[in-house]
Each structure stands twice: as C-alpha cells, then as structure tokens.
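All residue numbers for the sequence shown refer to numbering that gives the first Met the number 0, where the first residue is 0 and numbers rise by one. Each remark here refers to the structure printed beneath this line.
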Amino acid sequence: MSSDQGSMSRTSLFVRPLLEFFFPTANEATLQIYHGYVRKAAHLTEYAILGGLAVRAIYSTFQSQTITYLVAILIVAAVAIADEVGQSFRPSRTGSVTDVLIDIAGGTTLIGLVWLIARLRRTDSVV
0 MSSDQGSMSR TSLFVRPLLE FFFPTANEAT LQIYHGYVRK AAHLTEYAIL GGLAVRAIYS
60 TFQSQTITYL VAILIVAAVA IADEVGQSFR PSRTGSVTDV LIDIAGGTTL IGLVWLIARL
120 RRTDSVV
C-alpha cells in the first residue's frame, strides 16, 4: 500500500461512499476522522496477516518456537519501517512513526495469538 494508490485521496474514492452510507448525518470533520480510523484499521489488519504468514513460513523452516516468533516480529517491523520510509519519498504520501507502531502492533497481535493457541494445544496434549 505504499504506492500512490494508497494515499488518502485515492482510498476516499471507495471508503467515503461507505462512510456516508453508514453515517448519513456525520459532518465533514467526522467523516475525515472515520476515514482515518478505517485506514489505521487497514494497517493493523495487513500487518496481522503478514505476521501470521511469517510465523507459518519460519516455523516450517526452523521449527524452533523462540526463533519463529522473534524473527516473525522482526520481519513485521522491518517491512513496516521499509514501507514508511518508502512512503516518505512519494509526494502524495507521508512516512509516519505512528503507522510503523500500528503495523508492528497488528503483526505482534496475531503472532501472539498464534503463540497462545500453540501453547494451549501443547498443554492440552500433555494432559
């Protein structure tokens, strides 16, 4: 999403009509705030998916749980940083430390959930 296609002016072409449909009485300022929330939720979701895929790929390669989860978080962080640095070079985009933190939070959340499920499965199989 770091291309110009991911800029707020471009995403508003499909997000804005949805917001107007669901919030018909909202004023312009409120719609802008909601649009920002949708964009941040997209960051969270994209990087959660990346985190889950990273865990899957790394586990099948190394089969070490500690390395799997740590490297997956590092991959999520590296991609988030690279994405925001790339955006800072585009005139229609801005790089944001906040977005990097949101991206890492999204990835780490799903990685943590995968870890928790794996841990619960191990506990159940031992009992």
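Even for Gly, the Cβ is constructed at its ideal location relative to N, Cα and C.
Would you identify the three-state DSSP class for residue i, choosing helix, strand or coil?
{"i": "Ser11", "result": "helix"}
{"i": "Ala28", "result": "helix"}
{"i": "Gly106", "result": "helix"}
{"i": "Phe61", "result": "helix"}
{"i": "Ser91", "result": "coil"}
{"i": "Phe21", "result": "helix"}
Give every residue of the same chain whose Cβ lies closer than 7 Å to the Cβ of residue i, excluding the five residues on either side of it in the sequence, and list them in chain order.
{"i": "Val70", "result": "Ile57"}
{"i": "Leu49", "result": "Val75, Val78, Gly106"}
{"i": "Thr44", "result": "Gly105"}
{"i": "Thr61", "result": "The sequence shown places Phe at residue 61, not Thr. Excluding residues within five positions, the ones whose Cβ falls inside 7 Å are Thr67."}
{"i": "Gly94", "result": "Glu83, Val84, Gln86, Ser87"}
Enumerate in chain order the residues of its own chain whose CB-to-CB distance from residue i is below 8 Å, with the five nearest sequence positions on each side excluded.
{"i": "His34", "result": "Met7, Thr10, Ser11, Val14, Arg15, Leu18"}
{"i": "Ile80", "result": "Val99"}
For the putative contact between residue i and residue j, defined by C-beta atoms under 8 Å, what is the C-beta separation to the nearest angstrom?
{"i": "Ile103", "j": "Val75", "result": "6 Å"}
{"i": "Ile110", "j": "Val54", "result": "6 Å"}
{"i": "Lys39", "j": "Ile101", "result": "6 Å"}
{"i": "Gln20", "j": "Leu30", "result": "Sequence inspection shows Phe at residue 20; the Gln mentioned does not correspond to that position. Not confirmed; about 11 Å, so no contact."}
Return the chain-ordered list of same chain residues with a C-beta closer than 6 Å to the C-beta of residue i, the five sequence neighbours on each side being excluded.
{"i": "Arg121", "result": "none"}
{"i": "Ser2", "result": "For Ser2, the predicted structure reports a pLDDT of 46, less than 50, and the residue's modelled location is therefore unreliable. A value from the coordinates is still provided. Hits under 6 Å: none found."}
{"i": "Thr65", "result": "none"}
Tell whether a beta-carbon distance below 9 Å holds between residue i and residue j.
{"i": "Thr108", "j": "Ala41", "result": "no"}
{"i": "Val96", "j": "Gly51", "result": "no"}
For a cutoff of 9 Å on Cβ pairs, would you count residue i as touching chain C?
{"i": "Glu83", "result": "Within the model displayed, chain C is absent; a lone protein chain is all it includes."}
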